[in-house]
Amino acid sequence: MKAPMNRRVFVLGYGAATPLGATFDLTFENAVAGKAGFRRITRCEVKTMSNVVGEIPDWDPVASGMFEKKEAHNWNAAFVLLTVAVCRQALAHAGLVMEPDIGRRTACLIGSALNGMDAFRIASEKYANAGPLRVSPYLLPNLCGNMPASKAGIDLGFTGPLFSPQGACASGNHAIGMGARMIRDGDVDVVLAGGVDTPLVPEIIQGFANMGATIKVTPEDRAYDDPGQASRPFSCDRKGMVLSEGCGVLVLAAEEVVKAHGLKPRAEVAGVGWTSDAFHFTSPNVETIVRAMHEAIEDAQIAPQDIQYINAHGTSTFKGDLSEADCLRQVFGHHLGQIPVSSNKSQIGHTLGAAAAIEAALSIEAMQMGMVLPTINHCPTPDFDDLDVVPDTFRAHPHSFLLSNAYGFGGTNCCIVFKGV
Amino acid sequence: MGSSHRQAVILGYDAVCALGTRFPDAWEKALRGDSGIGPLTRFPMDDNFPVRIAGEVESIDDLDYPFLKPRERAKWTSPIFKHAMLTTSRAIERSGIEITPDIAPRTAITYSSALGGLDAALEADRRLVKENRLPKPFTNPNACINMVGGKVSILTGATGPITATISACATGSTSMIIGAMFIEQGLCDVAICGAVDFALVPAIIAGFATMNGTFYPKPGENVPAQAASRPFSRNRRGFVVSEGAGAVILAAREFAQSWGLRYQVALAGWGMTSDAHHVVAPHLPTVTRCMELSLAHAGIAPSAVSSINAHATSTQVGDKVEYDALCAVFGKKIPPVTANKSMMGHAMGASSAIETIFGVQGMIDGKIPPTINYDPDPDMAFDCVTDNARCLDQAYVLKNAFGFGGCNACIVLQKC
C-alpha cells in the first residue's frame, strides 16, 4: 500500500438550507438575530400534537432556477435536489472551481438518517392505487442513500470516492470525520462533507411522536401560540425535539490545495473522536460519549481546558440534555462554567442527519466573527445552573478551539474539534 | 491528528444468500454451479405484477440465537437485523476473536445496507393510510439504516467508531474499504464489516421492473427461474433481485499476529471513484480508474491478478462496460472472471460483501466457482469460468462492485 501522508485539513466553505433560510447566509443572519424557524406543518397533514416542525422556507427546486420541472418530478425524494443545491452553494462559498483534475481527487460524502422515505411513500401509494407498472422507474435511484451525492456529482463534476455515511443524527460529523481522515492520509485532496434529511412525512412524524421523542404542543404549552418556542434545549420545560428538514455541506481541503489555489481557509479540522455505545438503540450512554469527546480533544493534541466553545448536540429532550450535561461535566470538570455551550437546535430544530454539518458550519462562521450563537427560548433550571448556555442572544467571544458534538440513535457518537485560522 | 499505516487482514466471515443459510453448504452449491433463484413468494401479487422470480433466503428463525427469539423478532420486524446479527455472530465465532472490554473500544463497526428496513416503513404506511392506525414505536429505528450497526454494536459489545456507509449496490465493498481505512488510519484495530439487504417488497421490485433493470419474462415466455440470471451472456436481460447478508471481520495485521489469530487473506488495496455521469448507466473512464486505483493501492501490476470476481449483474450495458474496463486495465490478458450473481442473483448492497466472501473462500480452497447460464457474447471475448468450478491458486483477486448513482468500489484481496 502507498505510504500515508499526514496533511493538515482545512474548511474552505459551506452551504446550508435550514428552517432559518434556504441558504447558509440567511441561516446565519437569522441565527444571529435570535430567530427560530418553526411553524405548524404545511408539508403534509398529521393527526398528532407533534405538529410544530422546521420547514425550509421558500425551498422550491424549480423556482430556484437550478432544476427543470421534469427533473424535480423524477427526483421526488426531496433530499436529492436539496443536496445538489447546497453542494453548489458550498463550492461557490469555498471559491473552488471543479476542474477535471481536482474533480478526480474530490470525494463527496453526504450522510442521512432517513434517506428517500418520501419517494418510497409515493411509490407505495402508486403501487396500491394504480398498479405495479405505475411505480416510477426513478424509485430505486431515489431510494439509494448515495443518490444526493451522486446527483451532485453529475451536476457539478467531481469523480472521487462517493458514498453516504449513515450515523443517524450524527451523520454530518461522520462525513466530516471520515473526509478529514481521507484528506489527511492522501486518499483525496478535497471533500464535500455533509448531511441531509427531509423527514416531514406523516409516518416519520408520527413514529417520533409515538416514541415520545418530539414535543407535543398542547394548548397550555408556550409554543401553542408561538411555535417558535417549541425547541428549548437545556430549559426547565424542554419536552422533546422539533423535527426539521435541512441540509448542510462543508468543503474540506488539504493544505496544499488551499495554497495552490489561493483559497481562504475558515477553520482547521483539528481532531476527531468517534465511538459507539453497545448499549441501547435510543438511550445515550455516558461512558462512550465521554470517550468520544476525549478522543476528539486528544486527537487535536490539546487539553479539555483549551476548548473555548462547545456546540452541544442539545436536542431538547428531557433525558438527552441531562445526559449530555453529565458528559460535559465529566470531560471539562470545573472548567465547564467558563466555556459557553449552546445548541443551534433551539433555532433550527433537529434536522437529523444534517444537524451536525449545519451546526459545524454555523459554529465556524461564528468563530471567525469572534462570537458564539445563542440557545434561544431559554428558561433556567437548577439542572443546568453550572452551564453557560448563552441564553437567548449571541455573544462576542473570541475563541480559537471549538468542539462540535453529535450523537445518534443506534448509539453512535462523533465529536469534532475545529481550530480557528 | 496522528497517523499510522497498517494493513487489514480478514479474520473471519459468514454469509447467508439464496444458495443457503449455512455458508459451507452455500459454497458447496456454488462450486457445483447450482442456482438459488426460484419463485417470488414474499408477497401476494396480481397477474399483472411484472416480476415472478427472486433469490429468497430460507428461514433462519428456528436457529438457537437470542436475537431470534419471537419477542425480538416482533420488535425488529425488518429481516435485515436478524440476518446482520446472525452473520456477525458466526463471523466472530469463526475468527476466534473475543471482544473483551480491552478490545471493544478499538473495534469499529461499518456493517451497512443499501436499502435498509423499508419493509417496516411500508408496513407503517399501510397501517396509517389504509387502517388509520398509528405506526408501531419501533418503526423509525427499523427504518434507520445505521441501526443495523447499532444492533451489531449491542450484540458484540464493540464501542469503536461506528458508521454505515451507503453506495447502492457497492455498499458491501464500501463497508469493507471504510473498515480497512479505519484500521489503516489507526482509528481501530478490528472492524466488523458487511452488508445486508432484503429488498423483496412490492414497490421496490415493481420499481426495478419499470426502470427495466430486473429480468422479467416477455409475454407468453416461460423461462426457468434458474436460467434467468446470465451475466456476460449474449441474451442477458437484467438482474434477479435476491436477499442476503455477509459479514467480514477485519483486523490490523499486527493485532492478529499479537493475539495469535489466524488469517489467510489480506485486504491489500482498494479504489473508489464516482462517475459524475448518469443515474444508473455506468461510465467506462471512472470504472476503469477505480480498478486501476485498487491495483496501485495494493502495489501490484495488472499481471499479478489471478482472477476477477466481477460485479456483472446480467444487464446489457452494465456487463459490457465492466468488460470494456477489464480490457482497458488488463489488455488482452484478462485473468479468469467469474460472476456469482449467475447463481445467487443480485442481493443489492449485500452482494459485494457476499461475493467478496466467496472470493476469499476461493483463494483459501484454490477454486473458482462457475458463472452458470453462460452463453458467450461475441462482443466480449475473455476467459469466463463457466460450467464447472476451476482449480486455481490465486495470489491476488480483484473484486469489483458498482452502484447506482455511479459509486464504484474495487478491492484487491491478497493470499497471505
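Protein chains in written order, with my numbering: chain A, 1 to 421; chain B, 1001 to 1416. Idealized CB from N, CA, C, for every residue including glycine. A quick note: this is a predicted structure, and the numbers were derived from the prediction, not measured.
Item: Taking 8 Å as the cut-off, does the segment 391-408 of chain A touch the segment 254-263 of chain A (at least 3 CB pairs, one atom from each stretch)?; Value: no
Item: Pick helix, strand or coil for B:P1039, following the three-state DSSP scheme.; Value: strand
Item: For the segment 1042-1073 of chain B, which residues have a beta carbon sitting closer than 9 Å to at least one beta carbon of chain A?; Value: M1045, D1046, N1048, F1049, P1050, V1051
Item: Would the beta-carbon of B:F1404 fall within 7 Å of that of B:A1199?; Value: no
Item: Which residues in the same chain have their Cβ closer than 6 Å to the Cβ of B:D1227, if we skip the five residues on either side of it in sequence?; Value: Sequence check: residue 1227 of chain B is Ala here, not Asp. Cβ neighbours of B:A1227 beyond the five flanking positions: N1373.
Item: How many angstroms separate the CA atom of B:R1234 from the CA atom of A:G179?; Value: 41 Å
Item: Do you know whose CA, among B:A1008, B:S1095, B:A1084, lies nearest B:R1262's CA?; Value: B:S1095
Item: Which residues in chain B sit within 9 Å of A:N210, going by Cβ to Cβ distance?; Value: L1134, P1135, K1136, P1137, T1139, N1140
Item: Based on the DSSP secondary-structure assignment, which residues constitute the bridge partners of B:P1376?; Value: B:S1233
Item: Unbroken beta strand (DSSP E) runs of length 3 or more, entirely within the segment 168-255 of chain A: which are they?; Value: 190-197, 246-254
Item: Determine which residues of the segment 130-149 of chain A have a Cβ less than 7 Å from any Cβ of chain B, and write them out in chain order.; Value: G131, P132, L133, V135, S136, P137, L139, L140, P141, L143, C144, G145, N146, M147
Item: Could one say the Cβ of B:S1003 lies closer than 7 Å to chain A's Cβ atoms, at least one of them?; Value: Any reading at B:S1003 must be qualified, since the residue scores a pLDDT of 38, below 50, and its modelled position is unreliable; no value is offered.
Item: Pull up the DSSP beta-bridge partners for B:W1270, would you.; Value: B:I1411
Item: Let me check understanding here. Comparing Cα to Cα, which of B:M1343, B:I1097, B:V1305, B:S1274 lies closest to B:C1290?; Value: B:S1274
Item: In whole angstroms, what separates the C-alpha of B:M1343 from that of B:G1244?; Value: 13 Å
Item: Per DSSP, what kind of secondary structure is A:P165 in: helix, strand or coil?; Value: strand
Item: As a quick exercise: from A:F332, A:G337, A:I348, A:D306, pick the residue whose alpha carbon is nearest that of A:G314.; Value: A:I348
Item: According to DSSP, simplified to helix, strand and coil, what is B:V1265?; Value: strand
Item: Compare the C-beta of A:I289 with all C-beta atoms of chain B and state if any pair is closer than 7 Å.; Value: no
Item: Go to A:L402, then tell me how far its beta strand (DSSP E) extends in each direction, as first and last residue.; Value: 401-408
Item: Looking at A:D306 and A:G411, is the spacing between their C-beta atoms short of 7 Å?; Value: no
Item: Express the C-alpha separation of B:R1022 and B:Y1396 in angstroms, rounding to a whole number.; Value: 26 Å
Item: Is B:T1214 helix, strand or coil when you go by DSSP?; Value: strand
Item: Quick check on this structure: which residue in A:N6, A:T282, A:V11 has the alpha carbon closest to the alpha carbon of A:Q368?; Value: A:V11
Item: What are the boundary residues of the alpha helix (DSSP H) that includes A:T282?; Value: Premise fails: A:T282 is in no alpha helix (DSSP H) and is neither H nor E.
Item: For the segment 313-398 of chain A, which segments carrying the alpha helix (DSSP H) assignment without a break, of at least 4 residues, lie completely within its bounds, in sequence order?; Value: 318-332, 345-348, 355-368
Item: Can you check whether the C-beta of B:F1404 is within less than 7 Å of a C-beta belonging to chain A?; Value: yes
Item: Where do the N-terminal and C-terminal ends of the beta strand (DSSP E) with A:R40 fall, by residue?; Value: 38-40
Item: When burial is assigned at 16 or more other CB atoms within 10 Å of the CB, is A:G65 buried or exposed?; Value: exposed
Item: For chain A, check one thing: does any of its Cβ atoms lie closer than 7 Å to the Cβ of B:G1207?; Value: yes
Item: Could you give the C-beta distance for A:P340 and A:H397, rounded to a whole number, given that I count them as a contact under 8 Å?; Value: 6 Å
Item: Whole alpha helix (DSSP H) runs in the segment 1085-1166 of chain B with 4 or more residues, listed along the chain?; Value: 1118-1130, 1139-1143, 1147-1156
Item: I'd like to know whether the C-beta atoms of B:D1197 and B:G1359 end up nearer to each other than 7 Å.; Value: no
Item: Starting from the Cα of A:G116, find the closest Cα among A:D321, A:L140, A:H93, A:L387 and give me that residue.; Value: A:L140
Item: Are the beta-carbon atoms of A:A230 and A:V52 separated by less than 7 Å?; Value: yes
Item: Pick out whichever of B:N1132, B:G1160, B:W1076 has its Cα sitting closest to the Cα of B:D1102.; Value: B:G1160
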